[in-house]
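Colleague: My questions will all concern the structure given below.
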Amino acid sequence: MTQTVTDNTIVSAAIYPPIGVMRVGNSEQGFFIGPEVNDPPTQKEDFYRDSTGALKRQAAKFRVYGLNSQGQVVQELTANDATITWHARLANQKASWYEFQLALDIPEAAKAKPSYLRNKEIPDRSTLLIDGGEHQLSGVNQDGSKTKFVGKFEGKSVYLGEMRTDEQGRLMMLGGHGKSENLKGEPAVTFGNNEGWYDDTSDGPINAQVIFNDQALPVKPAWVVCAPPDYAPQQKSVRTMWDLMRDVAVTAGMLPKPGKPSFTHDILPIFQRMTNLQWVNAGFAAGFGWDSPFDFTSEQWLAKLSDPSPIWQERRRTLYHNFRRLDCEFADNGDPNDIAVWNPQPSAVSAQQWPWIYGDAMSVNANNSPRQFVSLTRIQLNALAQWVDGDFIADYDPSYKAPVNIDDVPVSEQPDMLTRAAMEFCLADAFHPGCEMTWPMRTAGMYSEAFRLHHADNTAPTHGINYGPVMTPEITRQPDGPLLSGQVAGGITRWMAIPWQTDTASCRDGYNAAYDPYLPTFWPARVPNNMLNQTNYNIVINEKEPIEKRQAAFNEREFWLDDLPIGPSNDYEAQINSMVTGFGQLAIVLEQTEEGVVGFPETMQVGMTPQSNTEATSFKQLKRAQFDKQDNAPHRPDLSRTDKANRYKD
74 MTQTVTDNTI VSAAIYPPIG VMRVGNSEQG FFIGPEVNDP PTQKEDFYRD
124 STGALKRQAA KFRVYGLNSQ GQVVQELTAN DATITWHARL ANQKASWYEF
174 QLALDIPEAA KAKPSYLRNK EIPDRSTLLI DGGEHQLSGV NQDGSKTKFV
224 GKFEGKSVYL GEMRTDEQGR LMMLGGHGKS ENLKGEPAVT FGNNEGWYDD
274 TSDGPINAQV IFNDQALPVK PAWVVCAPPD YAPQQKSVRT MWDLMRDVAV
324 TAGMLPKPGK PSFTHDILPI FQRMTNLQWV NAGFAAGFGW DSPFDFTSEQ
374 WLAKLSDPSP IWQERRRTLY HNFRRLDCEF ADNGDPNDIA VWNPQPSAVS
424 AQQWPWIYGD AMSVNANNSP RQFVSLTRIQ LNALAQWVDG DFIADYDPSY
474 KAPVNIDDVP VSEQPDMLTR AAMEFCLADA FHPGCEMTWP MRTAGMYSEA
524 FRLHHADNTA PTHGINYGPV MTPEITRQPD GPLLSGQVAG GITRWMAIPW
574 QTDTASCRDG YNAAYDPYLP TFWPARVPNN MLNQTNYNIV INEKEPIEKR
624 QAAFNEREFW LDDLPIGPSN DYEAQINSMV TGFGQLAIVL EQTEEGVVGF
674 PETMQVGMTP QSNTEATSFK QLKRAQFDKQ DNAPHRPDLS RTDKANRYKD
């Protein structure tokens, strides 16, 4: 709802989004701006790739908004209105930080291996910390040539990104090029803790000095995170980072409790996201995809789901019971920094419950944890419970069109839209450790307000030796610990895998093939498992082909990692090492529309592989000639024995 602003006097300012996301890409020059609206328009492949087929970097754009004394948005402030000087700092602390074993805020962490310092044999920890330093920038159309963040890893220069401005003086932050390396030439051997490696992801604070009407305004700062590429840019996971952060903020009293849920904005997205995952996971395609029993995007389903009358209440109830629910709650002791308190007797959970996604405590040989699989947030589950009772806003309109540009959004609503757009395309699935950010993001003490990180007094990067040889849950809870004392540059991404490519190539589907080769899955909304390839798509839309052949082509989903240029292999380590240099050759899953097609959806999402990827194309042709794709082909190793899938035992 648009707020009514009666006081137009600007007394302070705030940067939005509070957390911006930039992503690495191997294109030398190409980049694009990350999502600024919740449902951005469909883009062609050249939006994401340059003319050579390389992946463009995703830039994070930041804006300044002027606020009145009540904290209401009055207007956006640009170079036309104010003098804005941007300040930023980037760092990568991964190699100098602690190993990832399990999320340290769950009970299962006590059963995992200790989180020792990475590269603990190296006494001078400062040589492992890549500090890109501080830079500032003002004016319009600045090209970033003088604001490059460059640090060193064991003496080698590492580029982390740069600052630019657009024609209005808004800040654009670009990250690294996806460069990861072991200086000794040693291969990666695991998903998350590879000794002697660095990568060029990073994070850090964003600040601005704003002079408006000859007065310096106090400015709420922001943060930027550099993450891996988004290989499925039109997908959202069932539980996004925005959902999680909102839940944290409501629990901590930073936001009011939600009222009656909207069907269009609160209920429908949960179901639509599960159906849309059909384009990145074969199991979701069978269970929730086109013409399946739970194709929630069909008009037949939408008419029933959106009707609050008692006629369909039992159907709503039975659907609700399919969702996984954990009996957990945050400690109600007045301390918003307390970690979650878990009921020692949680409700029974199983792989069949929705959503079909692994959780923080995923481990193939441990099945008794309620966190083996992911569950929705409490806000999402409460909204579904109200939906069951018919207590929701029945606002479904088939003709509704979401804004496709931030300028289409009323200025008073733009900050919230920018916040949500940035975080809804980030994952809050298994923090194992994750894609963009991980488990610390559900600690209320990390934030100064909803969605906005609390900055340390000094945001210069630190390294892990300050906390001793082992990181423990107890250390993270201390007031002077790494979570509650304010964030420093590199403080968000240091909890992630090193290098990022090995984790991205390890997070797949169907670790227990005896149960299902495709389900559950890890992060298909960012890292596809299986996709409809271009060859099969062309068969599907060709109405001259027999319907049986078209149906078979539609149902066949290619293994996404087939595009890695390693040849036919069942070698897991070969795959994760191939990802280090071959990540730009993997397909991006994008919409294609063929109007008038009969028997299939007019719009499908198709894996688009760069035409320059001749090595991978040759490999796929060889593989299809030699191996039966339906019979555990050698390119799909036994993942149940990997370090990723065996973090602890019951």
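Numbered according to the working numbering, the sequence shown terminates at residue 723, and the numbering increases by one at each position without gaps.
Just so it is clear, CB atoms sit at the ideal spot from N, CA and C, and this is done for glycine as well.
(1) Along the chain, where does the beta strand (DSSP E) containing residue 135 start, and where does it finish?
(2) Measuring straight from C-alpha to C-alpha, what distance separates residue 646 and residue 261?
(3) Select from 512, 498, 454 and 476 the residue whose C-alpha is nearest the C-alpha of residue 434.
(4) Along the chain, where does the beta strand (DSSP E) containing residue 550 start, and where does it finish?
(5) Per DSSP, what kind of secondary structure is residue 319 in: helix, strand or coil?
(6) Between the C-alpha atoms of residue 635 and residue 313, what's the straight-line distance to the nearest angstrom?
(7) Would you identify the three-state DSSP class for residue 79, choosing helix, strand or coil?
(8) Take residue 552 as the anchor and find which of 715, 606 and 540 has the nearest alpha-carbon.
(9) Would you mind sorting residue 671 into buried or exposed? The rule is 16 or more other CB atoms within 10 Å of its CB.
(10) Between residue 248 and residue 274, what straight-line distance do the alpha-carbon atoms span, to the nearest angstrom?
(11) Rounded to whole angstroms, what is the Cα-Cα separation between residue 613 and residue 624?
(12) For residue 246, which three-state DSSP category applies?
(13) Using the rule of at least 16 other Cβ atoms within 10 Å of the residue's Cβ for burial, across every protein chain shown, is residue 82 buried or exposed?
(14) For the alpha helix (DSSP H) that contains residue 89, what are its first and last residues?
(15) Would you report the Cα separation of residue 227 and residue 162, rounded to the nearest angstrom?
(16) The beta strand (DSSP E) that contains residue 390, what's its start and end?
(17) Which of the three DSSP states, helix, strand or coil, is assigned to residue 295?
(18) For residue 710, write down the residues that DSSP places opposite it in a beta bridge.
(19) Output needed for residue 437: all residues of its chain with C-beta closer than 7 Å, excluding positions within five of it in sequence on either side, in chain order.
(20) Classify residue 473 as buried or exposed, calling it buried when 16 or more other Cβ atoms lie within 10 Å of its own Cβ.
(21) Please identify the residue among 536, 544 and 578 whose C-alpha is closest to the C-alpha of residue 563.
(22) Are residue 597 and residue 353 closer than 9 Å when you measure CB to CB?
(23) By Cβ distance below 7 Å, which residues in the same chain neighbour residue 502 in space, the five residues on each side in sequence not counted?
(24) Does the beta carbon of residue 144 fall short of 8 Å from some heavy atom of the ligand GDP?
(25) Out of 240, 280, 305 and 663, point me to the one whose CA is closest to residue 295's CA.
(26) Apart from the five residues on each side of it in sequence, which residues of its chain come closer than 7 Å, Cβ to Cβ, to residue 128?
(27) Residues in the same chain with beta-carbon distance under 7 Å from residue 735, minus the five sequence neighbours each way, listed in chain order, please.
(28) Report the option in 246, 283, 264 and 255 whose CA atom is closest to the CA atom of residue 277.
(29) Starting from the Cα of residue 62, find the closest Cα among 506, 104 and 449 and give me that residue.
(30) Determine the direct distance from the alpha carbon of residue 337 to that of residue 349, and round the result to whole angstroms.
(31) At a cut of 8 Å, does the stretch 323-330 reach the stretch 516-528 through at least three beta carbon pairs?
(32) If contact is defined by three or more beta carbon pairs under 8 Å, each pair taking one atom from either stretch, is the stretch 571-579 in contact with the stretch 282-297?
(33) Using the C-alpha atoms, what's the distance from residue 172 back to residue 419?
(34) Work out the CA separation of residue 137 and residue 188 for me, nearest whole Å.
(35) So residue 653 is in the alpha helix (DSSP H); what residue range does that whole segment cover?
(36) With contact counted as at least three CB pairs below 8 Å, one residue from each stretch, are the stretch 220-239 and the stretch 477-492 in contact?
Modeller: This is what the structure holds:
(1) Translated into the one-based positions of the sequence shown, residue 135 becomes position 62. Run containing residue 135: 130-140, per the beta strand (DSSP E) assignment.
(2) Along the sequence shown, one-based indexing puts residue 646 at 573. Along the sequence shown, one-based indexing puts residue 261 at 188. Approximately 7 Å between the Cα atoms of the pair.
(3) Position 361 of the sequence shown, counting from 1, holds the residue named residue 434. Closest by alpha carbon: 512.
(4) Start at 1 with the first residue of the sequence shown, and residue 550 comes out as number 477. Segment 546-550 is the alpha helix (DSSP H) holding residue 550; no beta strand (DSSP E) there.
(5) In the sequence shown, residue 319 corresponds to position 246, counting from 1. Helix, per DSSP.
(6) Here residue 635 corresponds to residue number 562 of the sequence shown, with the count starting at 1. Here residue 313 corresponds to residue number 240 of the sequence shown, with the count starting at 1. Distance between the alpha carbons of residue 635 and residue 313 is about 27 Å.
(7) Counting from one through the sequence shown, the residue named residue 79 turns up at place 6. Correct three-state label for residue 79: coil.
(8) Taking the sequence shown and counting its residues from 1, the one referred to as residue 552 is at position 479. Nearest of 715, 606 and 540 to residue 552, Cα basis: 540.
(9) Looking up residue 671 in the sequence shown gives position 598. When all chains shown are included, residue 671 counts as exposed.
(10) Within the sequence shown, the letter at position 175 stands for residue 248. Within the sequence shown, the letter at position 201 stands for residue 274. So the two alpha carbons sit approximately 7 Å from each other.
(11) Within the sequence shown, residue 613 is the residue found at index 540, counting from 1. Within the sequence shown, residue 624 is the residue found at index 551, counting from 1. When rounded, the distance between both Cα atoms is 7 Å.
(12) Taking the first residue of the sequence shown as 1, we reach residue 246 at position 173. Note: residue 246 maps to strand in three-state DSSP.
(13) Within the sequence shown, residue 82 is the residue found at index 9, counting from 1. Exposed, by the Cβ-count rule.
(14) Indexing the sequence shown from 1 puts residue 89 at position 16. Note, residue 89: premise wrong, no alpha helix (DSSP H); beta strand (DSSP E) at 85-89.
(15) The residue given as residue 227 occupies position 154 in the sequence shown. The residue given as residue 162 occupies position 89 in the sequence shown. Taking the straight line from one Cα to the other gives about 20 Å.
(16) In the sequence shown, counting from the first residue as 1, residue 390 sits at position 317. Premise fails: residue 390 lies in the alpha helix (DSSP H), 386-393, not in any beta strand (DSSP E).
(17) Counting from 1 along the sequence shown, the entry for residue 295 is found at position 222. Note: residue 295 maps to strand in three-state DSSP.
(18) Here residue 710 corresponds to residue number 637 of the sequence shown, with the count starting at 1. According to DSSP, which records beta bridges pairwise, residue 710 is partnered with nothing at all.
(19) Walking along the sequence shown from the start, residue 437 turns up at place 364. If we look at residue 437 and ignore the five residues flanking it on each side, its Cβ neighbours are 584, 585, 713, 718 and 719.
(20) Position 400 of the sequence shown holds residue 473. Exposed: under 16 other Cβ atoms inside 10 Å.
(21) Walking along the sequence shown from the start, residue 563 turns up at place 490. The candidate whose alpha carbon is nearest that of residue 563 is 536.
(22) Here residue 597 refers to the residue found at position 524 when the sequence shown is read from its first residue. Here residue 353 refers to the residue found at position 280 when the sequence shown is read from its first residue. Yes, the pair counts as a contact, with Cβ atoms nearer than the cut-off.
(23) As a first step, residue 502 is located in the sequence shown; it is residue number 429 there, counting from the start. Hits under 7 Å: 310, 312, 430, 447, 595 and 596.
(24) Absence of the ligand GDP is noted for the structure shown, with no ligands found whatsoever.
(25) Mapped onto the sequence shown, residue 295 falls at position 222. Answer by Cα proximity: 280.
(26) Residue numbering aside, residue 128 sits at position 55 when the sequence shown is read from its first letter. If we look at residue 128 and ignore the five residues flanking it on each side, its Cβ neighbours are 98, 99, 100, 121, 122, 302 and 657.
(27) Absent from the structure is residue 735, since the part of the chain shown begins at 74 and ends at 723.
(28) Position 204 of the sequence shown, counted from the start, is the residue given in the question as residue 277. Looking at the Cα atoms, 246 is the closest of the given residues.
(29) There is no way to answer for residue 62, as the model of the chain reaches only from 74 to 723.
(30) Locating residue 349 in the sequence shown gives position 276, counting from the first residue. Locating residue 337 in the sequence shown gives position 264, counting from the first residue. Cα to Cα, the separation comes out at about 16 Å.
(31) yes
(32) no
(33) Within the sequence shown, the letter at position 346 stands for residue 419. Within the sequence shown, the letter at position 99 stands for residue 172. For residue 419, the pLDDT reaches just 47, beneath the cut-off of 50, and the residue's location in the model is therefore unreliable, although a value from the coordinates is still provided. Taking the straight line joining both Cα atoms gives about 29 Å.
(34) Mapped onto the sequence shown, residue 188 falls at position 115. Mapped onto the sequence shown, residue 137 falls at position 64. About 39 Å.
(35) In the sequence shown, counting from the first residue as 1, residue 653 sits at position 580. Where residue 653 is concerned, the enclosing alpha helix (DSSP H) stretches over 645-655.
(36) no
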